[in-house]
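The opening position of the sequence shown corresponds to residue 45 in this note's numbering, with each subsequent residue numbered one higher.
We put the CB at the ideal spot given by N, CA and C, even for glycine.
Single-structure report; data block below.
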Amino acid sequence: MARRYRLQSRLEEGTFAEYFKAVTEGEGGPEPVLVKLFSFKVSDAAYARALSESGARTRSLRHPGALGFDEVGFIHGRIAAVRSFVEGHNLGDALRRLSTREVVLPPALALYIVSEAAQVVSAAHLAGWSHGAITPGNVLLGADGRVRVVDFGALEAMDSSQALRPLLSQGRNAYRAPEVKTGRGAPAADVYSLGAIAYELLTMQAVAQARGGAISTKRDALIAPSRLDRRINARIDPVLMRSLDNATSRRYPSAAELSEALRGLFSVLGYAPSAAEAARFVRDLFPNEVAIGGVGGALPFAEAFALSPGDEAT
């Protein structure tokens, strides 16, 4: 029997998709899930298949921190992709809240979060795959303090969509390595993206901003973190600067090696953070909130639904 879902609240609206908290119905009782409902203009069968394949490949990593879509199908002519719901916030939320509250994330905890994310991504690297689109928005920091990564293969899936493919060559995501021109990245590109996130968590400046708004071919164009904030230990600089080198051959070759280098800094900083400390950080940064409130508005449909296969999208 097909799994059935019922939308509960709208969490976020994007250019091409909306995110909803939903629950499953039927045997086993209600279970919270996240439903990503794509707009009509990108809901073609090829894109749905690519999303489903990325989800299956993510699940095959068998890493508890790698979350892929469990089911992809169509509802009322729109692609719907379903994955586990995580109580907590993504790092994009955290960065925005940090900037508005003028609070600095402790350096050791920033490095812990990125090292945990790198460990998740390393599972893909060991399997001969790369994430390809790591941003703060797809690194989740749960209320339990655990770090999870979503949207593995998202850019590869975009390449299968006639509506989304042109966007791959328009501009450059602030966290994407300079050598990445399409949706197909490599482990070294993931290392760059993770380094860019670590840099921003430490300095509250995006790498592109610190480089003057553009990627430079000069190795020394990026300002070292300790020069932006004297509270940052200068021994952190070589690790981040190596991960952000424009030359792929000079970066850490894999996320596992970046994670190891970040963890090696804990002895320099005097302590090693834990998931419990990360959970406290979430509570302190988002007081009285389990997850960011929904954006509101009427739900697109109130009835329980099951997803149908891609041949409906015509």
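Taking the alpha carbon of F94 as the reference point, which residue from A201, L266, N217 and A268 has its own alpha carbon closest? Residue 94 is actually Ala in this sequence, not Phe. If we check each option's Cα against that of A94, A201 comes out closest.
Residue from R47, R54 and A46 with nearest C-alpha to A346: Residue R54 is the option with its Cα nearest to A346.
Just the Cα atoms here: how many angstroms apart are A252 and G58? Separation of A252 and G58 (C-alpha to C-alpha, rounded to the nearest whole angstrom) is 23 Å.
If you draw a straight line from the alpha carbon of G70 to that of P76, how long is it in whole angstroms? For the pair G70 and P76, the Cα-to-Cα distance works out to about 13 Å.
With DSSP run on the structure shown, which of helix, strand or coil describes V30? One cannot answer for residue 30 here, as it falls past the ends of the chain, which runs 45 to 358.
Let me know the secondary structure DSSP gives F64 once reduced to three states. Of the three classes helix, strand and coil, the one that applies to F64 here is strand, per DSSP.
Within 10 Å of its beta-carbon, does G172 have 16 or more other beta-carbons around it, so buried, or fewer, so exposed? Counting Cβ neighbours within 10 Å, G172 comes out exposed, since fewer than 16 surround it.
Buried versus exposed call for D328 [16 or more other C-beta atoms within 10 Å across all chains shown]: Of the other Cβ atoms in all chains shown, fewer than 16 fall within 10 Å of the Cβ of D328; this residue is therefore exposed.
First and last residue of the uninterrupted alpha helix (DSSP H) at F310: Looking at the DSSP string, the run of the alpha helix (DSSP H) that includes F310 is F310 to L313.
Nearest CA to the CA of A278: which residue from L284, S270 and M285? Looking at L284, S270 and M285, the one whose alpha-carbon comes closest to that of A278 is S270.
Quick one: is A177 buried, meaning 16 or more other Cβ sit within 10 Å of its Cβ, or exposed? So A177 counts as buried.
Give me whichever residues DSSP pairs with S53 in a beta bridge. Looking at the DSSP assignment, S53 forms a beta bridge with K65.
Per DSSP, the bridge partner or partners of L78: K65 and R127.
DSSP three-state call for S87: helix, strand or coil? The answer is coil: DSSP assigns S87 none of H, G, I, E or B.
Given a threshold of 16 other Cβ atoms within 10 Å of its Cβ, counted over all protein chains shown, does R24 qualify as buried or as exposed? Because the chain here runs from 45 to 358, residue 24 falls outside it and cannot be looked at.
For A61 and V86, what's the separation of their Cα atoms in angstroms? C-alpha separation (whole angstroms): 9 Å.
Run the CB neighbour count on N134, radius 10 Å, all protein chains shown included, and call it buried at 16 or more, exposed below. Around the CB of N134, 16 or more other CB atoms lie within 10 Å, so the residue is classed as buried.
Under a Cβ-count criterion, where at least 16 other Cβ atoms within 10 Å of its own Cβ denotes burial, should F84 be classed as buried or exposed? So F84 counts as exposed.
Please confirm if the region 227-244 is in contact with the region 118-132, defined as three or more CB-CB distances below 8 Å between the two stretches. Result no; under three Cβ-Cβ pairs closer than 8 Å.
For the alpha helix (DSSP H) containing V326, name the first residue and the last one. Counting along the chain, the alpha helix (DSSP H) containing V326 begins and ends at A319 to L329.
What separation, rounded to the nearest whole angstrom, lies between the Cα atoms of R274 and A268? Spanning the alpha carbons of R274 and A268 requires a straight line of approximately 11 Å.
Quick check on this structure: which residue in I276, A232, D234 and A265 has the alpha carbon closest to the alpha carbon of M248? Its Cα nearest to that of M248, the residue I276 stands out among I276, A232, D234 and A265.
Would you call Q163 buried or exposed, if buried means 16 or more other Cβ atoms sit within 10 Å of its Cβ? Buried, because 16 or more other Cβ atoms sit within 10 Å of the Cβ of Q163.
Is the CB-CB distance between R324 and A316 below 9 Å? Against a cut-off of 9 Å, the Cβ pair of A316 and R324 comes out as no contact.
According to the Cβ coordinates, are V326 and G186 closer than 9 Å? Against a cut-off of 9 Å, the Cβ pair of G186 and V326 comes out as a contact.
Excluding the 5 residues flanking I241 on each side, which residues of the same chain have their C-beta closer than 8 Å to its C-beta? Around I241: L135, V158, A161, I178, T179, P180, V183 and Y219.
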